[in-house]
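Chemist: Below is a structure I'd like to ask you about.
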Amino acid sequence: MVRATHHFRGVCKDALQRRRQQIIDSMTVEELYSEVLYLLIHNVGSDVTTASDRSDLCRLLQEAFKIDDEKHAQLMGNVEAKEAPKIVLNVEVMEAQDLKPKDSNGMCDPFCTLYLSSAPTHRYNTSVKTETLTPCWMEYFSLPVHNATDDVLFVEVWDFDPAETVREKMSKLTDVKGVRGLRKLVKEIAVTASTGKHDNEYIGTAQINLNCIATGGQTQWVNLEKKNKTKKQGVIKLHMAFGAEKDTQVARQEHRHLLRLLLMHHLEKAKLEPYAWCGEFDELATTIIRQHAVQSGLSSTDETLARWMEFCSVHVDHPLSFALFSQLANKLKKPLEEGNLSPEEVKHFWDATKKFLPSCLNSIRRLRKLSNCDRNTLTQLSGIVTTLSCLKPLPVPEGLDLFPSSVYGWLNQSDQSSCDISHVLTEAVKHGAEDWLCYVLENNTADGPTQEDSLRHVIKLVQLVRSDLTKAIEYHDKIFLKGIGLAYSSILYKVYEEKVCEEAEPVVKDVCGQLRPIRINDSDPRINLEREEPLSMGTTLFELYLALQRLSLIGSTLCPNDVDSFQIAKFHNWFYHGVAQWLDIACYKAVQRVKKAVELDTLVPVDSSVKYSSSAVDTFAIFYQIKIFWQQLAWPDVEGSYTFVLKIIDDICKCSEVYADNMSQKVDGMGETNQGTVHEKKFQVTQEWCLAINNIDYVRQSIQPFVAELGMDNIVKALADFRSVAAAEQCKGTLSGIIENSIDVVRNKIIDLLLIVANKMDPAIKRFLQEGADLLNQDSNAVDRLMQYLDENLVMLHSELNTENFERILSIMWDNVSNILSELVESSLEKRKPPSFFSNLHETLNILIGFFRQGDLQQQLQEQQQIEQLNGMKQVQNDDVIDSSVDKHSKLRRVERILRLHGMETPELSYQFYVQRLMEQKKLQSMGDAPYQGLLTIRAQFVDNALSIEIMNARNIKPMDSNGSCDPYVKIHLVPEDKFVNVQKPRTKTHKKNLFPLFDETFHIPLTPEQRARGIIAFILKDQDFLGNEFIAEAFHSFEDIPENDASTSLQTLPQVHLKLHRPQNVLESDVMKALEHRQGDKLARDFVKRQKAKFGEGKQQNGSK
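Residue 354 in numbering that gives the first Met the number 0 sits at position 355 of the sequence shown; the count goes up by one each step and never skips.
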């Protein structure tokens, strides 16, 4: 834009300046009023189109200047008498597009011609742009305007044709484009050849009415039109604005005065709140301001500077919107940086700025006193920051004290001389934070004298600080960072952190120093609290810890490089002695919640897919509340973390024990029924019992994952880095041991409950066993009832318990059954129950073994019986059957043997005595160096159920008489005795005083087939004396070992059988003899025992070796 200038000849610059200043100083309101009226009468552009518009403008002007009607009429008359002002139209020809081609090559060489309709001869031409349809000129022109209302601007676009010869035109033949281009070239050649003319070719014209041009100027695309052509010939872009020839300094001063008067009138009339006006005048005032600027020849920079100066002045008494100043400062920034303003203008700018800055900085300091972070407040803050951001890089004139101590008393006096806007802004933020903290502390005192009141006061302070920081981070930080690059929240945090630590540290240390441990009684898992004060105090202290923790985390985000230097970074050390009490409180609350969960548990499954009830889930959730507490604590010290985790694990174990005990108490008494009499009372396993067991097991299984989520692995890893790998491994081992111990404790609680269930079943089992043994052969269904009872309960247990617990209770029940049977057998022996009782009980035992799936026991019993058969019912030691170190059935094997022996009839039991003796005989035969009482040689065979025995001789008989000799003879007995009652008992002749008798006697004993089937031959060697025959020794030979031959086989042809004679010392102490002795009411048994005692009690026991 070309600014109109005045040329003065013969007057120096100083004189001209003095004259201009004199005009400015002497200007009155009436003169300014007259000047504005003059401009309105001679308005330019499209602002004022009718007389009524002009009348409204004059009325507004009259009100703003406070001119009465009489004075207005007088001044209007004077204005109308003046001649019209000199106005110019400034036009910038920018570019054109879509021009119609005029040359043979499809292009044109365009240029523009500008003129006004009132002076068509005064034409202005642009430069020529060759071979283009989209020329760009960017050229400026100033056209004097004589009638701004009716005049029209014309812009013609032409194609330039240079003077060329026919030869030169012929040379363009190769550049021809299309048939139309060829036709144009031929026509040009013909015209040049005939006339020699070279006229420019017209493209189109754009015309604009001056009264349609905006007063402040406008840029627009205008169509190029050509007569008799309906299609446009292209478009051209123009910028048009009115200007005037007027003294710039005077015009600027007038404009500032006009702005102030119109603004004061607008504010007075609109009754706006402070900081509400955003720079928007009403339409009439805007028109007046625009007309004055245009007709005074003011540039946009002049207008903006005038607004800045006047608005800053008005802002002191009536605050305007800071967004308005940010817009103005942004417009002035570039002219100031590039030096486009005169020194006087720069001085005016900074003088106005000096008035404006206190409002900005005080608003920063009082930011919290403004309304909440609504849109308007944030807009104002953004305006302040943007304005300061624009002012920050601008150089301040030398000698200007931008921050005088009289206004900025809160600044450090030593720094005021070197203060810049960034420094002062930072100090304003700091002082604002400090002032707010002082206000908070003065208006928020502790509610009482107690320590808890002090804690709550500090908590409130921290919460207020966090709230302010949160608000700053969410709303203010981005404004400061984006606007001026200031870390607003970081500055606040540094101020707050120091002050909060000053307030919090002494209070926390005092409270923690007086805390006492909360102990748990051994007899009662509840925490022993004499009053609720320790619980409340610990909770409040933890609230403060969390509040400070959150504040510290904010600092690590806002100031990551300064975290270690902050006092709050070590705040957790203040609370170290309080953590133990927090953990006790957490344990206490957990215990109470566990008890409540058990109390409210209805002992029904949570849903059909699981086998535990609500209290188990609740307890699991309670554990995780402790985990959440630990996560909230987030203790940064690794050694402290290790100690605290140990305590948490121990507390979880205590809670689990409390849960197990309370769950056991809850189900105690369930399942007990009474079917009429005391003897019919029995316990029935119910789903509630199973759920109780499952619940405790669910809690047990939750311990391991719970501990894993406490971050134990991370703690061990940190310990390895902090101490050593060996120390970390040792700590890990300790932790693992505590965890395993905790799990074992709860597992033992499960076992205890399983024992309770099994023990409650014992009376019924014992009663059924007793009845079954007494009445088994009397059409009693006691055993069936026992099996039904066990089946019902085991079905319930199997369907509800997991495999591990079912196997446990099955083992416990079997152990209990074993104990019941053992006790029943012992008592029955004392009561001398008949063999039928023991036989029935033995049968029941075999049924129970199969029922309880005791396959290993059944196999052991079979092996025991096989060995007993080989040893003649001699009691078998554990080592003969199974490794005693893992023998879990020794008691039952003993019981089974007792039942088997006592359940036999007396003849069979007597026979077992001989079987036992036979086995001892065989064992003696196989032992070459075993001591014996002599050797008996025989032959024997069966011929047609007849037994033939040849007693040949005896050797090395032990002397029985005092003379060192004896009178031996052999007597033959067949056993079992009840089977061979009518069979003769042959004997050999007596050989006097002979230790090597040669008998050579043969005996034939006829037998029945039944007798032939099973039997033992007892060879009894005796010494015949005058006072009675004395037993020497005996030998046994089984029917199974005697060959069966026909009558043609001679006995003398058979091999000899050498039987070792023996006399055992403890034969009367065997289980068989004890069983027989037990049957004192059985004559047969008494007689048998009597005979054996007589036999083995005779004479003196003789010992010797072969």
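Backbone N, C-alpha and C define an ideal beta-carbon position, used for all residues, glycine too. If you're wondering where the values come from, they're calculated on a predicted model, not measured in any experiment.
Which two residues bound the contiguous beta strand (DSSP E) that contains M711?
Modeler: Segment 711–721 is the alpha helix (DSSP H) holding M711; no beta strand (DSSP E) there.
Chemist: Can you tell me whether DSSP reads H238 as helix, strand or coil?
Modeler: If DSSP states are grouped into helix, strand and coil, H238 belongs with the strands.
Chemist: Compare the beta carbon distance of L840 and L768 with 8 Å and say whether it is the shorter of the two.
Modeler: For L840 and L768, yes; Cβs fall inside 8 Å.
Chemist: Less than 8 Å between the beta carbons of L1058 and F1018, yes or no?
Modeler: The answer is yes: Cβ separation under 8 Å.
Chemist: Out of curiosity, what's the CA-to-CA distance linking W688 and V756?
Modeler: Cα-Cα distance, rounded: 8 Å.
Chemist: Could you say which of Q1055, Q703, K236, N42 lies nearest to A213 if we only look at CA atoms?
Modeler: That would be N42, whose Cα lies nearest to the Cα of A213.
Chemist: State the DSSP-derived secondary structure class of M918, mapped to helix, strand or coil.
Modeler: In the structure shown, M918 sits in a helix (DSSP, three-state: H, G or I).
Chemist: Across the stretch 820–837 and the stretch 1070–1088, are there enough close Cβ pairs to call them in contact, namely three or more that are closer than 8 Å?
Modeler: Contact holds: three or more Cβ-Cβ distances are below 8 Å.
Chemist: Could you check whether the stretch 463–475 touches the stretch 354–364, counting it as contact only if at least three pairs of C-beta atoms, one from each stretch, sit closer than 8 Å?
Modeler: Taking 8 Å as the limit for Cβ pairs, the verdict is that the stretch 354–364 does not touch the stretch 463–475.
Chemist: Is K101 buried or exposed, if buried means 16 or more other CB atoms sit within 10 Å of its CB?
Modeler: Buried, because 16 or more other Cβ atoms sit within 10 Å of the Cβ of K101.
Chemist: Is the beta carbon of N104 closer than 8 Å to that of V175?
Modeler: Against a cut-off of 8 Å, the Cβ pair of N104 and V175 comes out as a contact.
Chemist: Along the chain, which unbroken stretches of the alpha helix (DSSP H) at least 4 residues long are found entirely within the stretch 340–404?
Modeler: Complete alpha helix (DSSP H) runs here, min 4: 342–364, 374–390.
Chemist: Entirely within the stretch 1033–1070 and at least 3 residues each: give me those beta strand (DSSP E) ranges in chain order.
Modeler: Within the stretch 1033–1070, the complete beta strand (DSSP E) runs of at least 3 residues are 1056–1059.
Chemist: Check each candidate in E598, V597, D790, V616 and name the one with the smallest Cα separation from D606.
Modeler: Comparing Cα positions, the closest option is V616.
Chemist: Does N804 pass the burial test, meaning 16 or more other C-beta atoms within 10 Å, or should it be called exposed?
Modeler: Looking at its Cβ environment, which holds 16 or more other Cβ atoms inside 10 Å, N804 is buried.
Chemist: Leaving out five residues on either side along the sequence, give the residues of the same chain with a beta carbon under 6 Å from the beta carbon of K236.
Modeler: M93, E94, W220.
Chemist: Where do the ends of the beta strand (DSSP E) carrying C107 lie?
Modeler: First-last for C107: undefined, no H or E at that position.
Chemist: According to DSSP, simplified to helix, strand and coil, what is K122?
Modeler: Looking at the sequence itself, residue 122 is Arg, so the reference to Lys does not match. Reduced to three states, the DSSP call for R122 is strand.
Chemist: Return the first residue and the last residue of the alpha helix (DSSP H) that R893 is part of.
Modeler: It spans 889–901 - the alpha helix (DSSP H) in which R893 sits, taken as one unbroken run.
Chemist: In this structure, how does DSSP classify E224 when only helix, strand and coil are distinguished?
Modeler: E224: strand per DSSP, three-state reduction.
Chemist: Among E976, H990, E949, Y931, whose alpha-carbon lies nearest the alpha-carbon of E1033?
Modeler: Cα-wise, what sits closest to E1033 is Y931.
Chemist: Quick check on E1000: does DSSP put it in helix, strand or coil?
Modeler: It is a strand residue.
Chemist: What first and last residue would you give for the beta strand (DSSP E) that runs through S204?
Modeler: At residue 204 the sequence reads Thr, which differs from the Ser that was named. Here the beta strand (DSSP E) through T204 covers 200–208.
Chemist: Answer yes or no: do A945 and I1004 have a C-beta to C-beta separation smaller than 8 Å?
Modeler: Result yes, Cβ atoms of A945 and I1004 sit closer than 8 Å.
Chemist: Below 8 Å on the Cβ atoms is my contact criterion, and I expect G216 with M239 to pass it. Report the Cβ-Cβ distance as a whole number of Å.
Modeler: Contact flag correct, Cβ pair sits at about 6 Å.
Chemist: Beta-carbon within less than 8 Å of N815's beta-carbon, same chain only, minus the 5 sequence neighbours each way: which residues are those?
Modeler: For N815, where only same-chain residues beyond five positions count, the Cβ hits under 8 Å are A757, N758, M760, D761, I764.
Chemist: Taking L994 and S964 to be in contact with their CB atoms under 8 Å, please state how far apart those CB atoms are, rounded to whole angstroms.
Modeler: Confirmed, about 6 Å.
Chemist: Return the CA-CA distance between E529 and I811, expressed in angstroms with no decimal places.
Modeler: Model confidence at E529 stands at a pLDDT of 44, short of 50, so the residue's coordinates are unreliable and nothing is read from them.
Chemist: For S103, which three-state DSSP category applies?
Modeler: Coil.
Chemist: Rounded to whole angstroms, how far is the Cβ of H576 from the Cβ of C511, which I believe are closer than 8 Å?
Modeler: About 4 Å separates the two Cβ atoms, so the contact holds.
Chemist: Can you find the residues in the same chain that come closer than 6 Å, C-beta to C-beta, to S817, ignoring five residues on each side of it along the sequence?
Modeler: Closer than 6 Å at the Cβ level, and outside the excluded window around S817, lie K890, L891.
Chemist: Nearest-angstrom Cα distance between I702 and P448?
Modeler: Near 43 Å, if we compare the C-alpha coordinates of P448 and I702.
Chemist: Work out the CA separation of C586 and E504 for me, nearest whole Å.
Modeler: Taking the straight line joining both Cα atoms gives about 27 Å.
Chemist: By how many angstroms is the C-alpha of Y37 removed from the C-alpha of E302?
Modeler: Those two C-alpha atoms are separated by around 20 Å.
Chemist: Of the residues K81, L142, E155, which one's Cα is nearest the Cα of F110?
Modeler: Of the listed residues, the one whose Cα sits closest to F110 is E155.
Chemist: Using the rule of at least 16 other Cβ atoms within 10 Å of the residue's Cβ for burial, across every protein chain shown, is Y274 buried or exposed?
Modeler: Buried is the call here.
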